[in-house]
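Peer 1:
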């Protein structure tokens, strides 16, 4: 490295006659490092007694770096990191955030390690032990113009999304139109919008009263920030009518008119319908970004969870006694609505519900009454009586509330496997709505005893599932494993003595303590000894459901 001629410093010296500011402290106190190099570039060395402490810009668990080079294009720093196995990793370094983004998978240049990386006249060269490779720079950005995401995939400092003409360009091509509207692909960000005062989203209540159905002015921020201009406007998708727009620093204000008319376009002209509609920011009829707005009516939400779970956008009340969702608290009977703030409602705690963590079983085709645990279930009173329904495979079974439980009577479910159970409830003088199970659906296991224990010659598995797992099955000598109320087998028959069919290993030392295992028929239960021939094998572990036992042999003499 060639350095300009540096001045020689005579020591000792004192602070008053130091040649370079900070040199005295560096030599005699060790107060700082790297200050000299920044103030006097020609000095060419780091002076100081303290260690240099820095933060890694980029780390890789799969590569060992040997050399680093860089290019600066459009004020964007791209690092080229050579490795000991001939790869080059291309990384974008964001100098503002001091973060790196790996632009693409490592490039295989050679089998040997990378020795040097140099950029000359904006062209980057990679040198290994065997060859020199010139890095290709993307110039034809237009081939990535289908949409912003495709442009971002170019991952090249030459290319970026030009917001104002809606295509992928070089920076100079976009700047010829407007300055500040070019989003470089290496930063991996397309233009998006945020509501300044509604970070979780915004909803427009269509069934609010007239006094609260006025104009809604929304301040919208650009992310990343771009200049706002009078050429920008607001509109809702599906409508050519423009909304009133005012440019503000870093964004734009869009005004949604009142349902009863007013400044700007009337609601009747816009014909707002329920559901999400995009609020679009347009530039000379080109949509440059969009953000959804939820238009809703509280009365259309059919359950407590639906009524309240989007309270970051909606403002509704669930009427506990009416079992309806209302736009206003005062519409609820006796004013007993569950009042929910607009942000972060604990609806899964307050709503009437069935707990989803229960595990119930029912034999296939057999009539049973099942009980399910509920929470916040409404109480009958002199004015209201509530009814309940249990639904499986579109079949309705009557339910009733007993304490905090819902009892579903005379349920008969065919087939096998897990079947989802749904619940409905409501006032007797009105219809029913969904009674929710938050945290996942609730299912019951429908089983066939014969499938649990398919061998007619063995009773062990059938008894195991009955005694240990709660299945309503028992074993009969002539029919095998059947449901307990099978008319062919009114009472359980006793298992015979166990029949060992295999012992592993087949031999062992006379001293005993050989670990072994047996396969057998019939239930050994929890006996501690198993006679095999003339010997007793001591059971150390027994798995009834797989008819296998692990044992230790005793001494033979």
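Residue numbers (UniProt numbering): 1 to 557.
Ideal placement from N, C-alpha and C gives every residue a C-beta, glycine not left out.
(1) For residue 397, which residues from the same chain have a beta carbon less than 6 Å from its beta carbon, with the 5 sequence-adjacent residues on both sides left out?
(2) Tell whether a beta-carbon distance below 9 Å holds between residue 66 and residue 83.
(3) Less than 9 Å separating the beta-carbons of residue 173 and residue 162?
(4) Out of 413, 365, 153, 422, point me to the one whose CA is closest to residue 354's CA.
(5) Between 294, 183, 325, 293, which lies nearest to residue 308 when the distance is taken from Cα to Cα?
(6) For residue 190, I'd like the list of residues in its chain whose CB is within less than 7 Å of its CB, leaving aside the five on either flank, ordered along the chain.
(7) Going by the beta-carbon positions, is the gap between residue 234 and residue 279 smaller than 9 Å?
(8) Compute the Euclidean distance between the alpha carbons of residue 293 and residue 314, then round it to the nearest angstrom.
(9) So the candidates are 301, 119, 428, 58; which of them puts its Cα closest to the Cα of residue 94?
(10) Report back the beta-carbon spacing between residue 384 and residue 321 to the nearest angstrom; my notes put them in contact at under 8 Å.
(11) Kindly confirm or deny that the segment 361-375 and the segment 434-454 touch, where touching means at least three C-beta pairs closer than 8 Å.
(12) Hey, how far is the Cα of residue 130 from the Cα of residue 103?
(13) I need the boundaries of the alpha helix (DSSP H) containing residue 467, first residue and last residue.
(14) Between the Cα of residue 193 and those of 330, 352, 414, 288, spot the shortest distance and give me the residue it belongs to.
(15) For the putative contact between residue 112 and residue 88, defined by C-beta atoms under 8 Å, what is the C-beta separation to the nearest angstrom?
(16) Use the C-beta contact count for residue 485: other C-beta atoms within 10 angstroms, 16 or more gives buried, fewer gives exposed.
(17) Buried or exposed for residue 382, going by 16 or more other Cβ atoms inside 10 Å?
(18) Would residue 204 and residue 301 qualify as a contact pair, given that the criterion is a beta-carbon distance under 9 Å?
(19) Can you check which of these residues, 73, 402, 305, 217, is closest to residue 255 by C-alpha distance?
(20) Can you name the start and end residues of the alpha helix (DSSP H) that residue 361 belongs to?
(21) Would residue 238 pass as a contact of residue 277 if the rule is Cβ separation under 9 Å?
(22) Kindly list the residues whose CB is nearer than 8 Å to the CB of residue 228, restricted to its own chain and excluding five residues on each side of it in sequence; keep chain order.
(23) Given residue 16, which residues of its chain have a CB within under 7 Å of its CB, disregarding the five upstream and five downstream residues?
(24) On a Cα-Cα basis, can you pick out the residue from 417, 61, 91 that is closest to residue 71?
(25) Under 8 Å by Cβ, that's how I've got residue 426 and residue 323 pegged, so tell me the actual separation to the nearest angstrom.
(26) Suppose you measure from the CA of residue 258 to the CA of residue 231; what does that come to, to the nearest Å?
(27) Can you look up residue 348 in the DSSP assignment and give me helix, strand or coil?
(28) By the three-class DSSP mapping on this structure, what secondary structure does residue 329 have?
(29) Give the straight-line distance between the Cα atoms of residue 290 and residue 181, rounded to the nearest whole angstrom.
(30) Leaving aside the five residues before and after residue 68 along the sequence, list all residues of the same chain whose C-beta is less than 8 Å from its C-beta, in chain order.
(31) Work out the CA separation of residue 471 and residue 483 for me, nearest whole Å.
(32) Quick check on the DSSP output: the beta strand (DSSP E) that includes residue 177 runs from which residue to which?
(33) May I have a chain-ordered list of the beta strand (DSSP E) segments no shorter than 3 residues that lie completely inside the segment 389-428?
(34) Bridge partners for residue 386 per DSSP, in chain order?
(35) With a Cβ-Cβ cutoff of 9 Å, do residue 406 and residue 452 count as a contact?
(36) Using DSSP with H/G/I as helix, E/B as strand and the rest coil, what is residue 159?
Peer 2: The answer reads as follows:
(1) Locating residue 397 in the chain shown gives position 397, where the first residue counts as 1. Cβ neighbours of residue 397 within its own chain (closer than 6 Å, five residues either side excluded): 390, 408, 411.
(2) Numbered from 1 along the chain shown, position 66 holds the residue referred to as residue 66. Numbered from 1 along the chain shown, position 83 holds the residue referred to as residue 83. Cβ distance < 9 Å, so residue 66 and residue 83 count as in contact.
(3) Residue numbering aside, residue 173 sits at position 173 when the chain shown is read from its first letter. Residue numbering aside, residue 162 sits at position 162 when the chain shown is read from its first letter. A contact, by the Cβ cut-off of 9 Å.
(4) Taking the first residue of the chain shown as position 1, residue 354 is located at position 354. Looking at the Cα atoms, 422 is the closest of the given residues.
(5) In the chain shown, residue 308 corresponds to position 308, counting from 1. Minimum Cα distance to residue 308 is reached at 325.
(6) The residue given as residue 190 occupies position 190 in the chain shown. Apart from the 5 residues on each side of it in sequence, residue 190 sits with its Cβ closer than 7 Å to the Cβ of 148, 149, 152, 161, 183 in its chain, given in chain order.
(7) The count along the chain shown starts at 1 and reaches residue 234 at position 234. The count along the chain shown starts at 1 and reaches residue 279 at position 279. Pairing residue 234 with residue 279 gives a Cβ-Cβ distance under 9 Å.
(8) Position 293 of the chain shown holds residue 293. Position 314 of the chain shown holds residue 314. Residue 293 and residue 314: Cα-Cα distance of roughly 11 Å.
(9) Start at 1 with the first residue of the chain shown, and residue 94 comes out as number 94. In terms of Cα proximity to residue 94, the closest of 301, 119, 428, 58 is 58.
(10) Against the chain shown, residue 384 aligns to sequence position 384. Against the chain shown, residue 321 aligns to sequence position 321. With 8 Å as the limit, residue 384 and residue 321 qualify as a contact, their Cβ atoms being about 6 Å apart.
(11) In this structure the segment 361-375 lies against the segment 434-454, because at least three pairs of beta carbons, one per stretch, are closer than 8 Å.
(12) Taking the chain shown and counting its residues from 1, the one referred to as residue 130 is at position 130. Taking the chain shown and counting its residues from 1, the one referred to as residue 103 is at position 103. Near 26 Å, if we compare the C-alpha coordinates of residue 103 and residue 130.
(13) Translated into the one-based positions of the chain shown, residue 467 becomes position 467. Taken as a continuous stretch (DSSP letters only), the alpha helix (DSSP H) holding residue 467 covers 460-468.
(14) Numbered from 1 along the chain shown, position 193 holds the residue referred to as residue 193. Its Cα nearest to that of residue 193, the residue 288 stands out among 330, 352, 414, 288.
(15) Walking along the chain shown from the start, residue 112 turns up at place 112. Walking along the chain shown from the start, residue 88 turns up at place 88. With a Cβ gap of about 13 Å, residue 112 and residue 88 do not count as contacting.
(16) One-based indexing of the chain shown puts residue 485 at position 485. That one is exposed.
(17) Against the chain shown, residue 382 aligns to sequence position 382. Residue environment for residue 382: exposed (fewer than 16 other C-beta atoms within 10 angstroms of its C-beta).
(18) Locating residue 204 in the chain shown gives position 204, where the first residue counts as 1. Locating residue 301 in the chain shown gives position 301, where the first residue counts as 1. Their beta carbons are not under 9 Å apart, which means residue 204 does not touch residue 301 by this criterion.
(19) On the chain shown, position 255 is the one that residue 255 refers to. When each option's Cα is compared against that of residue 255, the closest is 217.
(20) For the purposes of this step, residue 361 is taken as the residue at position 361 of the chain shown. Secondary structure note for residue 361: it is in no alpha helix (DSSP H), and the uninterrupted beta strand (DSSP E) holding it is 360-363.
(21) Translated into positions along the chain shown, residue 238 becomes position 238. Translated into positions along the chain shown, residue 277 becomes position 277. Between residue 238 and residue 277, the gap from beta carbon to beta carbon is short of 9 Å.
(22) For this step, residue 228 is matched to residue 228 along the chain shown. Apart from sequence neighbours up to five positions away, the residues of its chain that approach residue 228 with a beta-carbon distance below 8 Å are 222, 247, 248, 249, 250, 251, 252, ordered along the chain.
(23) To locate residue 16, count along the chain shown from 1; it is residue 16. Sequence-distant Cβ neighbours of residue 16 in its own chain, meaning closer than 7 Å and more than five residues away, do not exist here.
(24) Here residue 71 refers to the residue found at position 71 of the chain shown. When only C-alpha atoms are compared, the closest one is 91.
(25) Locating residue 426 in the chain shown gives position 426, where the first residue counts as 1. Locating residue 323 in the chain shown gives position 323, where the first residue counts as 1. The Cβ separation is near 5 Å, so the contact holds.
(26) Numbered from 1 along the chain shown, position 258 holds the residue referred to as residue 258. Numbered from 1 along the chain shown, position 231 holds the residue referred to as residue 231. Taking C-alpha positions only, residue 258 is separated from residue 231 by approximately 25 Å.
(27) In the chain shown, the residue the question calls residue 348 occupies position 348. In the three-state reduction of the DSSP assignment, residue 348 falls in the helix class, which pools H, G and I.
(28) If you number the chain shown from 1, residue 329 lands on position 329. Helix, per DSSP.
(29) For the purposes of this step, residue 290 is taken as the residue at position 290 of the chain shown. For the purposes of this step, residue 181 is taken as the residue at position 181 of the chain shown. Going by the C-alpha atoms only, they are around 16 Å apart.
(30) Working through the chain shown from its first residue, we reach residue 68 at position 68. By the criterion of a C-beta distance shorter than 8 Å, residue 68 is surrounded in its chain by 79, 80, 81, 82, 117, once the five residues flanking it on both sides are discounted.
(31) The residue labelled residue 483 in the question sits at position 483 within the chain shown. The residue labelled residue 471 in the question sits at position 471 within the chain shown. Straight-line spacing of the CA atoms in residue 483 and residue 471 works out to 9 Å.
(32) Locating residue 177 in the chain shown gives position 177, where the first residue counts as 1. Careful: residue 177 lies outside any beta strand (DSSP E) and carries neither H nor E.
(33) Fully enclosed beta strand (DSSP E) runs of 3 or longer: 395-402, 405-412, 417-427.
(34) The residue given as residue 386 occupies position 386 in the chain shown. According to DSSP, residue 386 bridges with 427.
(35) Taking the first residue of the chain shown as 1, we reach residue 406 at position 406. Taking the first residue of the chain shown as 1, we reach residue 452 at position 452. Cβ atoms of residue 406 and residue 452: not closer than 9 Å.
(36) Position 159 of the chain shown, counted from the start, is the residue given in the question as residue 159. In the structure shown, residue 159 falls within a coil segment according to DSSP collapsed to helix, strand and coil.
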